[in-house]
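Taking it in order: structure first as structure tokens, then the write-up.
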Amino acid sequence: MERKLIEGFVEQMQLAMESCPAKSAISGVMGFGLGGMFGLFMSSMRYDTPLTAQGAEISKLPVAQQLRQGFKEMGRASWGSAKNFGMVGMIFAGTECAIEGFRAKNDLTNGVAAGCITGGALAAKAGPQAAAVGCAGFAAFSAAIDYYMRMPSDDPGNDPVM
Amino acid sequence: MSFLFGGGARPQPTSAEKIAAAEAEIEMVSNMFNQLVDTCTRKCIPPQYREADLNKGESVCLDRCVAKFFEVNVKVSEKMQGEAAQRQGAGAAPAGGMFG
């Protein structure tokens, strides 16, 4: 009897995880994490050398101050990148899930349309032309990735006979 | 005297008739179930099995397919009942007219 309750609860949790808001949130969190890592790496490559004027000023400070400034830069870049990626992930997953629920089909066009909306939404502040370019670019990117993911594998044992 | 056609007491169904009626109903229900599963699988589930679970598009499609199937069933049976009642009414009227 308790086992049935637990199984029912697990099934409900699974259904909730597959709902659109949950997918969108999970994707946003994963994008946030990925963006943080990415921003961290990118900031470490962008660091000023003592040859530039700004870099020379920083290199005159004591080591502790230099380290603190360095970490602050890394944190800022990482945070900005994390926010960006998190936004992208959230919007893309949310719109793709909504479009798929509306069309009742699992297709390539779901990803393409969601990519267009995401690209357009992220670039909307820079005007309609930038939004169109963002839409086209992101849609193409999403189409390429989805096409690669959906290619039938070379191992015939993996895909069952139908 | 046409009111006697619907007003007479019908004899109670015997147990054999009840068993036959139950069998017919089971067969009808299982037929409907098989047809429903076949139709909705054919319409909603494309034959590429990349994963074992139903994804969101497929489950939404199945929900809609089952709901539409039952609605179609209900509407068609309503129309059939309407036709049968019409035919019965048309059949009874000339018979009553013979007396009246």
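Taken in order, these protein sequences are the chains called X and E. Residues in the first sequence are numbered consecutively from 2, following the numbering used here. Residues in the second sequence are numbered consecutively from 9, following the numbering used here. Even glycine gets a Cβ: it sits at the ideal position worked out from N, Cα and C. Remember, predicted model here, so these are calculated numbers, not experimental data.
Thinking X/A78 and X/G40 are a contact (beta carbons under 8 Å), I'd like their distance in whole angstroms, please. By one-based count along the first sequence, residue 78 of chain X stands at place 77. By one-based count along the first sequence, residue 40 of chain X stands at place 39. By a beta-carbon distance limit of 8 Å, X/A78 contacts X/G40. Their separation comes to about 5 Å.
Would you call the segment 37 to 46 of chain E and the segment 77 to 91 of chain X in contact, with 3 or more CB pairs under 8 Å? With the cut-off at 8 Å, the segment 37 to 46 of chain E and the segment 77 to 91 of chain X do not touch.
From the DSSP output, in three-state form, read off E/T49 for me. Start at 1 with the first residue of the second sequence, and residue 49 of chain E comes out as number 41. The answer is helix: DSSP assigns E/T49 an H, G or I state.
Cα separation between X/M43 and X/F72? By 1-based counting over the first sequence, the position of residue 43 of chain X is 42. By 1-based counting over the first sequence, the position of residue 72 of chain X is 71. Distance between the alpha carbons of X/M43 and X/F72 is about 13 Å.
Along the alpha helix (DSSP H) that carries X/D147, what are the first and last residues, could you check? Walking along the first sequence from the start, residue 147 of chain X turns up at place 146. Unbroken alpha helix (DSSP H) run through X/D147: 129 to 151.
I'd like to know if E/K76 contacts chain X, where contact means its C-beta is closer than 7 Å to some C-beta of that chain. Along the second sequence, read from residue 1 onward, the residue named residue 76 of chain E stands at position 68. Judged by the 7 Å Cβ criterion, E/K76 is not in contact with chain X.
Measuring alpha carbon to alpha carbon, tell me which residue in X/Y148, X/D155, X/A17, X/I118 is nearest X/G138. Here residue 138 of chain X refers to the residue found at position 137 of the first sequence. For X/G138, the nearest C-alpha among the options comes from X/I118.
In the DSSP assignment, the alpha helix (DSSP H) including X/K106 goes from what residue to what residue? As a position in the first sequence, residue 106 of chain X is number 105, starting the count at 1. Note, X/K106: premise wrong, no alpha helix (DSSP H); not H, not E.
Applying the criterion that 16 or more other CB atoms from any shown protein chain within 10 Å of the CB defines a buried residue, is X/E12 buried or exposed? In the first sequence, the residue the question calls residue 12 of chain X occupies position 11. With fewer than 16 other beta carbons inside 10 angstroms of its own, X/E12 counts as exposed.
Looking at X/A83 and X/F33, is the spacing between their C-beta atoms short of 7 Å? For the purposes of this step, residue 33 of chain X is taken as the residue at position 32 of the first sequence. For the purposes of this step, residue 83 of chain X is taken as the residue at position 82 of the first sequence. Yes, they are a contact pair.
Residues of the segment 100 to 124 of chain X with Cβ closer than 9 Å to any Cβ of chain E, in chain order: E101, G102, F103, R104, A105, K106, N107, D108, N111
Cutoff 7 Å: E/C69 Cβ touching any chain X Cβ: Within the second sequence, residue 69 of chain E is the residue found at index 61, counting from 1. E/C69 counts as touching chain X.
Neighbour-count burial assignment, X/M91, 16 or more Cβ in a 10 Å radius: Translated into the one-based positions of the first sequence, residue 91 of chain X becomes position 90. So X/M91 counts as buried.
Let me confirm a value: E/F78 is counted as buried when at least 16 other C-beta atoms fall within 10 Å, else exposed. Which label applies? Indexing the second sequence from 1 puts residue 78 of chain E at position 70. Classification of E/F78: exposed, given that the 10 Å Cβ count is below 16.
is_contact[E/K64, chain X] using C-beta, thresh 7 Å: Residue numbering aside, residue 64 of chain E sits at position 56 when the second sequence is read from its first letter. Yes, E/K64 lies at the interface with chain X (some Cβ there is under 7 Å from its Cβ).
Start and end residues, alpha helix (DSSP H) containing X/L16: Here the question's residue 16 of chain X lines up with position 15 in the first sequence. 3 to 18 is the extent of the alpha helix (DSSP H) around X/L16.
Can you tell me where the alpha helix (DSSP H) holding X/S45 begins and where it ends? Taking the first residue of the first sequence as position 1, residue 45 of chain X is located at position 44. Residues 21 to 46.
Looking at E/C69 and X/A99, is the spacing between their C-beta atoms short of 7 Å? Against the first sequence, residue 99 of chain X aligns to sequence position 98. Against the second sequence, residue 69 of chain E aligns to sequence position 61. No, they are not a contact pair.
Let me make sure I understand the geometry here. Which of X/A145, X/A122, X/D147, X/A144 has the alpha-carbon closest to that of X/G135? Translated into positions along the first sequence, residue 135 of chain X becomes position 134. For X/G135, the nearest C-alpha among the options comes from X/A122.
Pull up the distance between the alpha-carbon of E/A27 and that of E/Q20, whole angstroms please. One-based indexing of the second sequence puts residue 27 of chain E at position 19. One-based indexing of the second sequence puts residue 20 of chain E at position 12. Checking the sequence shown, residue 27 of chain E turns out to be Ile, not Ala. Cα-Cα distance, rounded: 13 Å.
Tell me which residues share the same chain as X/L109 and place their Cβ nearer than 6 Å to its Cβ, disregarding the 5 neighbours each side in the sequence. As a position in the first sequence, residue 109 of chain X is number 108, starting the count at 1. Result list for X/L109: D147, in chain order.
For the segment 3 to 20 of chain X, list every residue whose C-beta sits within 8 Å of some C-beta in chain E, in sequence order. The segment 3 to 20 of chain X vs chain E, Cβ under 8 Å: E19.
Smallest Cα separation from E/N63: which of X/A140, X/K24, X/A144? Residue mapping note: residue 63 of chain E aligns to position 55 of the second sequence, counting from 1. With distances taken between Cα atoms, E/N63 lies closest to X/K24.
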